[in-house]
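K.L.:
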Amino acid sequence: MFVLFRTQEWSKLNLHFHEEQEILLTLSGDGEMYINNEVYPIRRGSLFVINNTDFHRSVGKDNEVPYQFCLIHFDPEEVKGVSTANFDLAACFRDHRNFNHRCQLGEDELEGLLKQIKRLAYYLDPECSAYGREVYSKICLSEILIYINSLYEPTMKTSRLQRSEKSPDRITPVIQYIQEHYAEDLSLDSLADMFFISKSHL
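At position 188 of the sequence shown the residue is numbered 188 (UniProt numbering), and the sequence of numbers has no breaks.
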């Protein structure tokens, strides 16, 4: 489990996936998030829930606006003991077929979640000497997951979750190919040649 705060250039973000689950909270930026065959807008307060099978990439619309975000990577096993028969802390990471990965937070919600993430980062810091910090870190992560699951709860008003736009038809086959051949050595050059698409669009 780790927390990362980062400012990054859009051009350096390629299509990828992680072995762990990812929570990404956007602090600033103007762009689009490609996840599998979906495209979501990115702006301050955009929250993304990404599991270990989701191929994703961020693309900037305005490179003058810095892309600042914080993310959490974690293994569901780390909170397995906290979940109950009636409540799975990792529920919103389980099945992402026809899943809306994005929730747009208001400013108060953003600040509240950011405060929780900073508290988690404090206990995960190797320099932290707080008594029981390992336990506190799991408690903090559990609180964050409870809140995020409440945002993605199917019974919520659908207006809170903004639906994505479909990916351009030329990109969808590329993503499907990568999902089917992810264990192979795939390069941008080979994909660009195979699908007749400029590398800058991958």
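Every residue gets a Cβ at the ideal spot worked out from N, C-alpha and C, and that includes glycine.
Checking 8 Å against the spacing of the C-beta atoms, do residue 141 and residue 33 come in under that value?
P.N.:
It is not a contact, given that the beta carbons lie outside the stated cut-off.
K.L.:
Please confirm if the stretch 53-71 is in contact with the stretch 20-34, defined as three or more CB-CB distances below 8 Å between the two stretches.
P.N.:
The stretch 53-71, when compared against the stretch 20-34, does touch it at the 8 Å Cβ threshold.
K.L.:
Beta carbon of residue 74, beta carbon of residue 6: below 8 Å?
P.N.:
Contact: no.
K.L.:
For residue 136 versus residue 113, is the C-beta distance shorter than 8 Å?
P.N.:
Not a contact, by the Cβ cut-off of 8 Å.
K.L.:
Cutting at 7 Å between CB atoms, please list the residues of its own chain near residue 58, excluding the five before and the five after it.
P.N.:
Closer than 7 Å at Cβ, skipping near neighbours: 10, 13, 31, 33, 42 and 67.
K.L.:
If we call anything under 8 Å between Cβ atoms a contact, is residue 138 one with residue 77?
P.N.:
Cβ distance not < 8 Å, so residue 138 and residue 77 don't count as in contact.
K.L.:
Report the residue from 22, 20 and 149 whose alpha carbon sits nearest the alpha carbon of residue 91.
P.N.:
Here the closest residue by C-alpha is 149.
K.L.:
Counting C-beta neighbours from all protein chains within 10 Å, is the total for residue 132 16 or more, i.e. buried, or is it exposed?
P.N.:
Per the 10 Å Cβ criterion, exposed.
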